[in-house]
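To keep things clear, I will list the structure first and then write my remarks on it.
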Amino acid sequence: MLNKTTLMVTFLTALSPSVAAAQCAMASTGAGCVSVPQSAAAPRPSPVEIGSYLTRGEHSIMMNAGYYGFPPVRDGWVYIRIEDDVYRVDFSSFEVLEQVTYQANYYFR
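Have a look at this one:
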């Protein structure tokens with residue numbers, strides 16, 4: 058009985074895919090695996106810090122922000138575009154509240 062079990066385990070192990078083949082979904086078709094290299098470039102620094110204050114007139118207030126997928130403006134804050142990012146800014150003090158670029162739809166990009 059032990060010999061049959063050992064034989065069966067050996068047989069199933071030989072038929073199971075290798076770890077490398079299991080990680081590549083196309084290995085069974087004969088195509089080679091492609092690995093995507095990780096970006097070596099560091100992410101660019103933010104042009105402004107959250108909590109800092111902007112100078113009036115230096116940046117553009119986004120009008121029609123809903124077109125770009127942003128929630129409607131309310132409670133005294135506005136969207137301001139700085140370089141390639143969009144920030145939610147308190148309109149009375151021009152304090153940067155948060156970066157909201159990630160909320161934009163494909164029209165913004």
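Heads up, the sequence shown is in the numbering used here, so the first residue is 58 and it goes up one at a time.
Quick reminder that beta carbons are idealized off the backbone N, C-alpha and C, glycines included.
Bear in mind the structure is a predicted one, so any value in this text is a computation, not a measurement.
Practice task
Determine the burial state of Val93: buried for a count of at least 16 other Cβ atoms within 10 Å of its Cβ, exposed for fewer.
Solution key: The residue given as residue 93 occupies position 36 in the sequence shown. Around the beta carbon of Val93, fewer than 16 other beta carbons lie within 10 angstroms, which makes this residue exposed.
Practice task
Could you tell me the boundaries of the beta strand (DSSP E) in which Leu154 lies?
Solution key: Taking the first residue of the sequence shown as 1, we reach residue 154 at position 97. Where Leu154 is concerned, the enclosing beta strand (DSSP E) stretches over Val153 to Gln156.
Practice task
Hey, could you find the ends of the beta strand (DSSP E) Asp147 is sitting in?
Solution key: Residue mapping note: residue 147 aligns to position 90 of the sequence shown, counting from 1. Taken as a continuous stretch (DSSP letters only), the beta strand (DSSP E) holding Asp147 covers Asp142 to Asp147.
Exercise for the section: Taking all protein chains shown into account, decide if Ala97 is buried (16 or more other Cβ within 10 angstroms of its Cβ) or exposed. Expected result: Working through the sequence shown from its first residue, we reach residue 97 at position 40. So Ala97 ends up on the exposed side.
Practice task
In angstroms with no decimal places, state the Cα-to-Cα distance between Thr112 and Cys90.
Solution key: Counting from 1 along the sequence shown, the entry for residue 112 is found at position 55. Counting from 1 along the sequence shown, the entry for residue 90 is found at position 33. Each residue's Cα considered, the two are about 52 angstroms apart.
Exercise for the section: Express the C-alpha separation of Leu154 and Asp141 in angstroms, rounding to a whole number. Expected result: Translated into positions along the sequence shown, residue 141 becomes position 84. Translated into positions along the sequence shown, residue 154 becomes position 97. Annotation: Asp141 to Leu154 spans about 17 angstroms, alpha carbon to alpha carbon.
Practice task
Starting from Tyr136, follow the beta strand (DSSP E) in both directions and report where the run begins and ends.
Solution key: By one-based count along the sequence shown, residue 136 stands at place 79. Following the DSSP letters along the chain, one finds Tyr136 inside the beta strand (DSSP E) bounded by residues Trp134 to Ile139.
Exercise for the section: From the DSSP output, in three-state form, read off Tyr47 for me. Expected result: Residue 47 lies beyond the stretch modelled for the chain, which goes from 58 to 166, so this question has no answer here.
Exercise for the section: Please go through the same chain and pick out, in chain order, the residues whose beta-carbon is closer than 8 angstroms to the beta-carbon of Ser149, but skip the five residues on each side of it. Expected result: Here the question's residue 149 lines up with position 92 in the sequence shown. Beyond the five residues adjoining it in sequence on each side, Ser149 comes within less than 8 angstroms, by CB distance, of Gly133 in the same chain, given in chain order.
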